[in-house]
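*Asks:* Those protein sequence lines, which keep their order, are chains A and B.
Heads up, the first sequence is in our numbering, so the first residue is 2 and it goes up one at a time.
Heads up, the second sequence is in our numbering, so the first residue is 7 and it goes up one at a time.
Each residue gets a CB set at the ideal place from its N, CA and C atoms; glycine is no exception.
Note that the coordinates shown come from a computational prediction; the quantities given were computed from them, not determined experimentally.
First the structure, which I've put down as C-alpha cells, then a few questions once you've had a look.
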Amino acid sequence: MADTNLDNEMIPYVEFADNANERTPCVLVLDCSGSMRGEPIKQLNAGLKALEQELKDDIDASSRVQLLIIKAFGKDEAVVSTDWTDAMNFEAPVMEAGGLTPLGKAMDMALDKIEAQKSLYDSCGITSKRPWIFLISDGEPTDYDWEIIAAKCREAQNKKKVVIHAVGTKDANLDKLAMFSTNSPKRLSGLRFTEFFLWLSRSVSCVSRAAPNAPELFEDTGDWDDK
Amino acid sequence: MLRNFLRTLAIGMTNSRRRFKIISASVTGLTHLNNNLPCQDYCRHRRGKNLVAVLSDGAGSAKYGRIGARVLCNKLCDILADADFSGIEDEIKKAIETARQILTIHRLNGPQNETGLDSFAATVVGVVYNHNKGIFFHIGDGAALSLHDDYFRASRPENGCCSCETFFFTQKYWKSSLRFTRFANAEAIFLMSDGVTSFAFQPDFQDIEHRFILPIHNFLSAEKNTLKASRALFNTLSASKAQHLNPDDKTLMWIKVS
Chain A
2 MADTNLDNEM IPYVEFADNA NERTPCVLVL DCSGSMRGEP IKQLNAGLKA
52 LEQELKDDID ASSRVQLLII KAFGKDEAVV STDWTDAMNF EAPVMEAGGL
102 TPLGKAMDMA LDKIEAQKSL YDSCGITSKR PWIFLISDGE PTDYDWEIIA
152 AKCREAQNKK KVVIHAVGTK DANLDKLAMF STNSPKRLSG LRFTEFFLWL
202 SRSVSCVSRA APNAPELFED TGDWDDK
Chain B
7 MLRNFLRTLA IGMTNSRRRF KIISASVTGL THLNNNLPCQ DYCRHRRGKN
57 LVAVLSDGAG SAKYGRIGAR VLCNKLCDIL ADADFSGIED EIKKAIETAR
107 QILTIHRLNG PQNETGLDSF AATVVGVVYN HNKGIFFHIG DGAALSLHDD
157 YFRASRPENG CCSCETFFFT QKYWKSSLRF TRFANAEAIF LMSDGVTSFA
207 FQPDFQDIEH RFILPIHNFL SAEKNTLKAS RALFNTLSAS KAQHLNPDDK
257 TLMWIKVS
C-alpha cells in the first residue's frame with residue numbers, strides 16, 4: 002500500500018536563504034511609549050501581522066524586501082525588536098507599550114543598522130535599493146538630543162542614503178516628526194495601522210521590483226491617512 | 007511536475023570498512039520548465055575499491071550539455087571506482103580526458119574534433135572516498151561539502167569574470183580550472199549543482215547555511231524508507247519558494263558515511 006503522504010511530504014524546517022536577489026531594506030521605527038497602551042498598540046500589532054501576511058503572499062516582495070523593526074520605549078530605550086530578516090521569514094513581533102518616546106535614539110540606531118547592512122550587502126556582492134525608514138509615533142520625541150539626530154537623518158536623506166517618512170497618529174506632533182525627514186509627515190486616519198501596513202507592503206513591493214532610479218512611490222497613500 | 011523528473015539513487019552499500027547511504031534528487035528549474043527543456047543536471051555514483059559520486063551540470067548555452075554531463079559522470083564513475091587512491095589526482099585527470107576523447111568522436115560532434123566539444127559543455131563536481139579519506143574534484147560552479155563533527159570542508163563554486171560565467175570540462179585549458187580539495191573522516195558528503203549552492207552556503211561561501219543543510223542531513227539520516235527520503239528531498243527542492251528564488255536546475259546528492 003502506497004504511503005498517502007509520500008507525494009507531498011517535504012523535509013521539515015528547511016529554509017531557503019538565497020541571498021542573490023537585490024534587496025530593499027525597510028526599517029520600521031515604532032513608538033511603543035506608554036501613550037500607545039490599549040487600542041493603539043493592539044491595532045499596531047494587528048497591522049504588523051497584516052504586513053507579515055501581505056509580504057509573504059507577495060512572491061517578489063517575500064524574497065526582496067528585508068525588514069528591521071526598532072522599538073522606542075521605556076526609559077529612553079531603543080532596541081531592535083526584529084533584526085534584519087527577509088520578508089519571507091518575517092514574523093510580526095508582538096509589541097508592548099510603556100515608558101517614554103526616545104525617537105532620536107531609535108532613528109540613530111536605524112541609520113547605524115542601515116549602514117552595517119549596506120556593508121554586508123557589499124561584502125556579499127548583493128545590490129540593494131535605497132533603504133526606507135518609517136517613523137511611526139503617536140506623540141513626540143522625549144530624548145534630549147533628538148534634534149541632533151533629526152538633523153543627521155535629514156542629512157542622510159539629502160545625500161540619498163536613505164528615504165525617511167514619518168507617520169503620526171491623531172495626537173502626534175507632526176511638526177517635530179517632520180524634522181526627521183525632508184518629506185512631509187503623514188497623519189494616520191484614526192488607528193488605521195492595518196491599512197497603512199498593507200499600503201506599505203504594496204509600496205515596498207513595487208519599489209523592490211522597480212528599475213534602478215525609478216521615482217519613489219509615495220504619493221498615492223490610499224485610505225490610511227488624513228489628506 | 008510531469009516534466010520534472012526524479013532520480014532516486016538510494017542504496018545501502020557496505021564493505022568491511024564503510025557503509026554508505028546515498029540519496030539524491032534532481033529537479034528541473036523554472037527556466038528550463040518554461041522553455042520546455044529537460045533538466046541539464048546529471049549525477050551518478052558507483053562503488054568499487056572507492057566510492058565515487060559525480061554531479062555534472064550541462065551548460066544551458068550548449069546544445070548537448072546534458073549529453074556531455076551524462077557521458078562525463080558515467081565515465082568518471084566507471085574509471086575511478088577501482089582506481090588507485092594513492093595517485094587519485096592523476097586518475098581523475100585521465101578519466102576526464104577519456105570522457106573528452108569519447109565526446110570528440112561522438113556522433114553529435116559535428117567537426118569530430120576538440121573544437122566540437124563546446125556543444126557538450128558541462129561543469130563537474132565529484133568525490134572519491136576511500137576508507138576514511140576523500141577528495142573533491144571540481145570544475146566550475148556547483149559545490150561539494152563534507153560534514154564533520156564540528157566543522158566542514160567545502161569545494162566552492164568558481165565563476166569567471168562575471169557571476170554568470172563558469173568553467174567547463176570541455177574547455178581547452180580545463181586542467182587549469184580543475185580543483186582538488188582533500189578531507190578525511192567525513193560524517194556526510196553533499197554534492198550540489200548551482201541551483202542549490204545559494205541555499206546551502208552563506209552568501210560569501212565562508213560558512214554553510216545551517217538552516218538548509220542540517221534539516222536535510224538530519225531528516226535523511228533518520229528516514230529509513232529510502233523512497234520516502236528521496237521523494238521528500240525532491241519535494242523540498244521543488245518547493246515554489248525554492249523555484250522562485252533560484253530558477254536553475256537543482257540536484258542534490260547526499261552521502262552518509264558510517
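Using a C-beta cutoff of 9 Å, does Asn159 of chain A count as contacting chain B?
*Replies:* So no, Asn159 of chain A is outside the interface.
*Asks:* By the 7 Å beta-carbon criterion, what residues does the segment 227 to 247 of chain B contribute toward chain A?
*Replies:* Under the 7 Å Cβ criterion, the segment 227 to 247 of chain B contributes Lys234, Arg237, Ala238, Leu239, Asn241, Thr242, Ala245, Lys247.
*Asks:* Just the C-alpha distance for Ala51 of chain A and Asp47 of chain B, rounded to the nearest angstrom, thanks.
*Replies:* One C-alpha to the other measures close to 40 Å.
*Asks:* Would you tell me roughly how many angstroms separate the C-alpha atoms of Lys262 of chain B and Tyr70 of chain B, rounded to the nearest one?
*Replies:* C-alpha separation (whole angstroms): 32 Å.
*Asks:* Is it buried or exposed, Ser67 of chain B, if we count other Cβ atoms within 10 angstroms and call 16 or more buried?
*Replies:* The residue in question, Ser67 of chain B, is exposed, as its Cβ has fewer than 16 Cβ neighbours within 10 Å.
*Asks:* For Gln118 of chain A, which residues does DSSP report across the bridge?
*Replies:* In DSSP, Gln118 of chain A forms no bridge with anything.
*Asks:* Closest Cβ-Cβ distance between Leu61 of chain B and chain A: below 9 Å?
*Replies:* No - not a single Cβ of chain A is within 9 Å of the one on Leu61 of chain B.
*Asks:* Give the residues of chain B in contact with Val15 of chain A, contact being defined as C-beta atoms less than 7 Å apart.
*Replies:* Under the 7 Å cutoff, chain B gives Phe218, Pro221, Ile222, Thr242.
*Asks:* Can you give me the Cβ contacts of Phe197 of chain A inside the same chain, cut-off strictly under 7 Å, excluding the 5 residues immediately before and after it?
*Replies:* Contacts found: Gly48, Val168, Leu189, Trp225.
*Asks:* Indicate the three-state DSSP secondary structure (helix, strand or coil) for Ala128 of chain B in the structure shown.
*Replies:* Strand.
*Asks:* From the DSSP output, in three-state form, read off Glu16 of chain A for me.
*Replies:* Three-state result, Glu16 of chain A: coil.
*Asks:* Relative to chain B, which residues along the segment 40 to 64 of chain A have a C-beta separation below 9 Å, given in chain order?
*Replies:* Hits within the stretch, in order: Ile60, Asp61, Ser63, Ser64.
*Asks:* From this set, B:Val77, B:Asn41, B:Ile28, which residue's C-alpha is nearest Arg53 of chain B's C-alpha?
*Replies:* It is B:Ile28 whose Cα lies nearest to the Cα of Arg53 of chain B.
*Asks:* If I'm right that Val163 of chain A touches Pro132 of chain A with Cβ under 8 Å, what's the distance once you round it to whole angstroms?
*Replies:* That belief holds up - the Cβ atoms of Val163 of chain A and Pro132 of chain A are roughly 5 Å apart, short of 8 Å.
*Asks:* Under a Cβ-count criterion, where at least 16 other Cβ atoms within 10 Å of its own Cβ denotes burial, should Thr121 of chain B be classed as buried or exposed?
*Replies:* So Thr121 of chain B ends up on the exposed side.
*Asks:* Would His250 of chain B count as contacting chain A if we go by Cβ distances under 9 Å?
*Replies:* Yes, His250 of chain B counts as interfacial toward chain A.
*Asks:* Report all residues from its chain with a CB closer than 6 Å to the CB of Gln249 of chain B; omit the five preceding and five following residues, and keep chain order.
*Replies:* If we look at Gln249 of chain B and ignore the five residues flanking it on each side, its Cβ neighbours are Leu36.
*Asks:* State the beta-bridge partners of Met198 of chain B as determined by DSSP.
*Replies:* According to DSSP, which records beta bridges pairwise, Met198 of chain B is partnered with B:Ala149, B:Leu258.
*Asks:* Between Pro163 of chain B and chain A, is there a C-beta pair that is closer than 9 Å?
*Replies:* Closer than 9 Å: no.
*Asks:* Can you pull out the residues from the segment 77 to 109 of chain A whose beta carbon lies closer than 8 Å to at least one beta carbon of chain B?
*Replies:* For the segment 77 to 109 of chain A, which is checked against every Cβ of chain B, the residues closer than 8 Å are Met89.
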